Amino acid sequence: MIHKIGVLTSGGDAPGMNCAIRAVVRAGLAYGLEVYGVNDGYRGLVDDDIFQMDRSSVSDIVNRGGTILQTARLREFKEESVRQIAVNNLRKRGIEALVVIGGDGSYMGAKKLTEMGINCVGLPGTIDNDIASTDFTIGFDTCLNTIVECVDKIRDTTESHQRCAVIEVMGNHCGDLALFSGIAEGAEMIITPDHPIPEEEIFASLKKLHDAKKKRAIVIVCEKIYPDIHAFADKIGKATGFECKAEVLGRVQRGGAPSASDRVLAARMGAYAVDCLLSGKGGICIGIVNNKIVDYDIYEALSLPRDKHISMLRLIDILK
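Residue numbers (our numbering): -4 to 315.
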């Protein structure tokens, strides 16, 4: 039976992380555990930036974006000697288990800590939805709604000026944000790593729209496909006749109050993580599959193909 657990957030921040922290703390306290927060992710473990939390520590945070525990990346955590410092800091406080909220890089750190004797459970906190072992990650829905709100505004001015807007969204090699937002917006074209389109086809399709007197065109592009999205927009303009403008939504996509969906998802996952630790599980990550909370071994989760929403690509052609 464990008595003390910790919680940290790692990697990129995502709306809903605070809801997950709250769920871990409140569930742990309900079971009679002592719960400790770790500031600055794995760096806080190494720096011994650890403090005890109570119910008031997580009051009034469900509607706040970001993470109250702060977050950071620590590449040196790959080294066993650095992880050993973290393990020693946890053990001197009697902390026996840890909930890690972050992406797949954070998962690997959690697995390595488990192998060193600190049972860890990973929660999928990332806007990119790039973790294959879960249908949706904490933060994805909020980010998606932010993109849709921004594109709605861009659409207004694009139509007024009869332009083509090329809008780059986040995703980090995962096309889900582009795919979902493009379908939600009725975009004329969606370009993702899973749905690459040759430039000649892009130019021909948009020129056809321009020649047919289409008032505007919306092209949603996943980041990291084009090194210079503005140069790509200029090429579209020269090839099609559209006045073409590129928009990079950037880090505005990360911020804001979490959606109701992300709040509920984070709460479900956080409470489930504590149940897993109490049952002696470690080296696992939590996911939601067909609306059911599940857990996977982290190595198994990281080996799964990232094609969970590939079937939605058919909608692009159907809804053109």
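The C-beta atom is built at its ideal place from N, Cα and C for all residues, glycine as well. Note that the structure is predicted; figures quoted are calculated from it, not measured.
Problem - Contact set for Glu110: own chain, Cβ-Cβ below 8 Å, skip 5 residues either direction - result: Gly278
Problem - Per-residue DSSP class, three states only, for Glu187 - result: At residue 187 the sequence reads Thr, which differs from the Glu that was named. If DSSP states are grouped into helix, strand and coil, Thr187 belongs with the strands.
Exercise for the section: Using the DSSP secondary-structure output, state which residues sit across from Leu118 in a beta bridge. Expected result: Ile96
Problem - Completely contained beta strand (DSSP E) runs for the segment 119 to 193, where each covers 3 or more residues - result: 158 to 164 and 184 to 186
Practice task
Take Asp290 as the anchor and find which of Tyr102, Lys73 and Glu195 has the nearest alpha-carbon.
Solution key: Tyr102
Exercise for the section: Determine the direct distance from the alpha carbon of Val164 to that of Leu108, and round the result to whole angstroms. Expected result: 34 Å
Problem - With 16 other Cβ atoms within 10 Å as the buried cut-off, status of Pro191 - result: exposed
Practice task
Would you mind sorting Phe227 into buried or exposed? The rule is 16 or more other CB atoms within 10 Å of its CB.
Solution key: buried
Handout entry: N- and C-terminal bounds of the alpha helix (DSSP H) containing Gln79
Key = Glu75 to Lys87
Problem - Beta-carbon gap between Glu330 and Ile213 smaller than 8 Å - result: Since the displayed the chain opens at -4 and closes at 315, residue 330 lies outside it and no answer follows.
Practice task
Using alpha carbons as the reference points, say which of Asn13, Arg50 and Ser54 lies closest to Asn34.
Solution key: Asn13
Problem - Cβ-based neighbour list, Cys271, same chain, cut-off 7 Å, excluding 5 preceding and 5 following - result: Val116, Ile279 and Asp290
Practice task
Quick one: using the 10 Å Cβ neighbour count with 16 as the cut-off for buried, is Thr62 buried or exposed?
Solution key: buried
Problem - Integer Cβ distance of Ile45 from Arg88, believed to fall under 8 Å - result: 6 Å
Exercise for the section: Would you check if the distance between the CB atom of Asp125 and the CB atom of Arg301 is smaller than 8 Å? Expected result: yes
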